[in-house]
Structure formats: structure tokens, C-alpha cells
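See below for the structure under consideration.
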Amino acid sequence: MERTLIIIKPDAVQRGLIGEIIRRFENRGLRMAGMKLIQVSKELAAQHYGEHKGKPFYESLIAYITSAPVVVMVLEGNNAVAIARNTIGSTRPVDAAAGTIRGDLGMEVGRNLVHGSDSPPSADRELALFFAPGELIDWTRDTDRWIFE
Ligand SMILES: Nc1ncnc2c1ncn2[C@@H]1O[C@H](COP(=O)(O)OP(=O)(O)OP(=O)(O)O)[C@@H](O)[C@H]1O
Ligand SMILES: [Mg+2]
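Position 119 (the sequence shown) corresponds to 1043 in this note's numbering; numbering is contiguous.
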């Protein structure tokens, strides 16, 4: 089953939106394989956002993601990457559709509340940065047969 890495970013944690954001993924049907509250180090932030190194917003992005604790989660399901991305909405909240997390709860690209992996290979790379294999749980949810075909 496909897995994706979700980060509930510092602004969402500071604003008390952890539960609201998890609720949206849970209601969608994604199954949780792991979750924890962590403080991201500068080193981990640089690894996670390596593709953006050199861009004008890189330094502020690293400052943002390390500014307060975050909640990291691994969610799974068929097409979990795409399902999570469209639940999250467009990168810039001004472009994000109403009904998405960023479209309903955000205003600014540098305060866009949540991260979701952009492809299955990115998800594999990212979840290995944040979780040891033993921290992820393989389980069957009683509702799986009503949600997964
Ligand atoms: N033009 C920009 N100005 C400021 N911050 C930006 C800009 N573009 C991207 N960012 C920040 O960098 C993050 C990573 O950018 P990316 O292009 O990967 O967007 P994304 O995949 O929608 O977001 P994420 O990777 O956080 O899920 C964005 O979520 C945003 O916080
Ligand atoms: Mg991205």
C-alpha cells in the first residue's frame, strides 16, 4: 500500500490546528502508520528540503520549519500521495481551493500549515528521514474494507 509523509508545520501547531488537520486526513480515509511530535533540527530540515537549496525562500523555509515543534505522520492507502496532496491544496493558499486545508485555514505561502510528499519516491525518501522502520506499524483497520477496494 502506498505511503506518504505528512508534516503538520509549526504555524499549525502554534495555532492549535493539529486536531483539525488530522481530522481531515482521517475523514478522507487514509490510515495512520506512524505519528510523533518532534522539534526539527537545522540538519534534518536541510535534508528534507534539499531540493530547495539556493532558492530565494530557502533560508526562511528552514527558519520556519525549525521554529517550533511539528507533528510528523505516515499515512497510507491506495494513491495516498495524491489523495493527501489534494486534501492539502495548492502550495500558495491564495490559489488553494476552498475545502482544502490550505484553502480553508491558510493565507500565506510561508505559513501553509502542512507538508505532503509530492511523489511515491519522495515519500520513501522523506519517511526514512523521520521514522525508523520499527516506528511504523503494519496493521489492518476494521473499517479498511469499507474504505479500500
Ligand atoms: N515562492 C515561495 N515563497 C516562500 N515560500 C515558499 C515559496 N515556494 C515554496 N515555499 C515554501 O517551501 C515549501 C516547499 O515548497 P514546494 O514547492 O515543495 O511546495 P509544496 O510541495 O506544496 O509544499 P511542501 O513540500 O511543504 O508540502 C512550501 O510549502 C512553502 O512553505
Ligand atoms: Mg514539496
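All C-beta atoms, glycine included, are put in the ideal place defined by N, C-alpha and C.
- In this structure residue 947 is exposed. Its beta-carbon is surrounded by fewer than 16 other beta-carbon atoms within 10 angstroms.
- For residue 1033 against residue 1017, the beta-carbon gap comes to about 7 Å, under 8 Å, which counts as contact.
- Here residue 934 is buried. Its C-beta has 16 or more other C-beta atoms within 10 Å.
- Looking at the DSSP output, residue 1000 sits in a beta bridge with 927, 955.
- For residue 1023 against residue 953, the beta-carbon gap comes to about 16 Å, at or over 8 Å, which does not count as contact.
- For the set 957, 1035, 1073, the Cα lying nearest the Cα of residue 938 is the one of 1035.
- DSSP, read as helix, strand or coil, puts residue 1061 in coil.
- The stretch 973-1043 is shown to contain whole beta strand (DSSP E) runs of 3 or more residues at 994-1000, 1038-1040, in chain order.
- Taking residue 1053 as the centre and dropping the five residues before and after it, the same chain places the C-beta of 968, 971, 972 closer than 7 Å to its C-beta, in chain order.
- Residue 1043 places its beta carbon 7 Å or farther from that of residue 929.
- The three-state reading of DSSP puts residue 966 in helix, counting H, G and I together.
- Check the Cα spacing between residue 983 and each of 997, 993, 1013, 966: the tightest is with 966.
- Excluding residues up to 5 positions away in sequence, 1000, 1001, 1002, 1003, 1004, 1005, 1044, 1047 lie with their Cβ nearer than 8 Å to the Cβ of residue 926 in the same chain.
- Spatial neighbours of residue 1055 in its own chain (CB-CB distance under 7 Å, excluding positions within 5 residues in sequence) are listed in chain order as 958, 998.
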